[in-house]
């Protein structure tokens with residue numbers, strides 16, 4: 001299928017050993033010899049970088065030098081595909097996608113317009129609501145200070161541009177809303193019930209090929225620690241509506257919802273990238289990593305809805321020794 005070795009670059013690799021292993025397995029299943037490159041702010045203390053074949057340091061993803069340095073690395077090392085893993089790097093890489101394509105590197109990222117929407121939690125809720133996707137009542141704190149007493153308490157509060165559960169809190173009433181915040185904050189309807197992540201894959205033509213829900217049994221630092229895949233036709237329909245509402249979305253993405261017994265399932269978060277719990281979807285048979293490899297080679301994606309219901313993931317701590 002490919003002459004020579006397939007060079008993959010995983011950026012902001014951090015602790016994403018599981019994702020790298022998914023790509024190694026995907027390449028093996030496709031009969032491809034893969035070489036994994038990884039980068040991070042401090043690659044010498046990044047487990048994923050230390051377990052990659054090659055690693056190097058980069059500035060922050062929102063730094064002006066970030067994209068230029070990656071372009072040079074990809075050109076020099078003949079990188080076939082680049083897979084970003086954190087939110088701040090998505091927009092600069094989406095904007096530079098054609099520059100990478102010109103040197104033969106496929107960047108696994110959605111359109112800049114889609115990234116700008118999903119990076120703003122208020123815009124995300126507005127766009128999904130317009131498309132008929134079930135979302136919780138949401139409002140920017142600064143715009144509703146005069147009507148806070150009318151809000152249905154308790155409520156969630158979180159940064160509009162946050163990720164990985166940073167800054168999320170439950171507030172019991174208006175008196176717990178601060179007079180000012182260091183960044184724009186979103187107030188959101190408080191939901192209760194089981195929490196799910198739905199991992200999806202949208203191919204190069206914009207078609208949703210696969211949606212794999214899993215129950216978030218236990219969460220640590222914003223990522224699923226224990227999870228189980230669950231077949232749910234309603235969640236699949238919601239995933240189709242999400243894909244339709246984000247026409248520029250491509251490749252792997254995920255969203256989280258709470259299935260509230262009173263209000264029903266409502267989405268409260270979307271990530272236009274591989275989610276931290278993707279290895280569970282991969283284990284269940286989603287084949288997203290294979291699809292990225294295939295699409296980077298100009299072949300059709302192979303992500304499929306023929307995946308295993310009830311697949312379990314139980315994470316544990318492991319160590320890299322030097």
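Residue numbers (this note's numbering): 1 to 322.
Using N, Cα and C, we set each Cβ at its ideal position, and we do this for glycine too.
These numbers were taken from a predicted model, which means no experiment stands behind them.
Residue 113 versus residue 322: straight-line alpha-carbon distance, rounded: Distance between the alpha carbons of residue 113 and residue 322 is about 42 Å.
Among 21, 80, 14, nearest to residue 58 - alpha-carbon criterion: Among 21, 80, 14, the Cα nearest to that of residue 58 is on 14.
Might you give, ordered along the chain, the residues of its own chain that have their beta carbon closer than 7 Å to the beta carbon of residue 206, omitting 5 neighbours on each side? Apart from the 5 residues on each side of it in sequence, residue 206 sits with its Cβ closer than 7 Å to the Cβ of 247 in its chain, given in chain order.
In terms of residues, what are the limits of the beta strand (DSSP E) holding residue 111? Where residue 111 is concerned, there is no enclosing beta strand (DSSP E), given that its DSSP letter is neither H nor E.
Taking the straight line between their C-alpha atoms, what separation do you get for residue 135 and residue 50? Each residue's alpha carbon lies about 40 Å from the other.
Residue 40 - DSSP class collapsed to helix/strand/coil: Three-state result, residue 40: strand.
Using the C-alpha atoms, what's the distance from residue 315 back to residue 95? Rounded to the nearest angstrom, the two C-alpha atoms are 35 Å apart.
Coil, strand or helix - residue 183 by DSSP: In the displayed model, residue 183 falls within coil according to three-state DSSP, outside both helix and strand.
Report the residue ranges of all alpha helix (DSSP H) runs contained in full by the segment 87–154; include only those spanning at least 4 residues, in chain order. Annotation note: the segment 87–154 contains the following uninterrupted alpha helix (DSSP H) runs of length 4 or greater, listed N- to C-terminal: 90–95, 97–102, 112–118, 121–130.
Identify every run of the beta strand (DSSP E) within the segment 249–307, keeping only runs that are complete inside it and at least 3 residues long; order them along the chain. Counting only runs of 3 or more, we get 251–260, 264–271.
Please report the distance separating the alpha-carbon of residue 303 from that of residue 282. Each residue's CA atom was taken as its position, placing residue 303 and residue 282 some 10 Å apart.
Quick one, which of 142, 198, 218 has its alpha-carbon nearest residue 182's? Checking every option, the nearest Cα to that of residue 182 belongs to 142.
Euclidean distance between Cα positions of residue 271 and residue 221: Distance between the alpha carbons of residue 271 and residue 221: 16 Å.
Quick check: residue 10 and residue 47, are their CB atoms within less than 7 Å of each other? The answer is no: Cβ separation not under 7 Å.
Indicate whether the contact test is met: 3 or more Cβ pairs, each with one atom in the segment 178–192 and one in the segment 213–229, closer than 8 Å. Taking a cut-off of 8 Å on C-beta distances, the segment 178–192 does not touch the segment 213–229, as fewer than three cross pairs fall below it.
Do you know offhand how far residue 237's Cα is from residue 34's? Straight through space, the alpha carbons of residue 34 and residue 237 are spaced by roughly 35 Å.
Is it buried or exposed, residue 87, if we count other Cβ atoms within 10 angstroms and call 16 or more buried? Residue 87 sits buried, since 16 or more C-beta atoms from the chains shown fall within 10 Å of its C-beta.
Within the continuous beta strand (DSSP E) that includes residue 56, where are the two ends? Residue 56 -> beta strand (DSSP E) spans 54–57.
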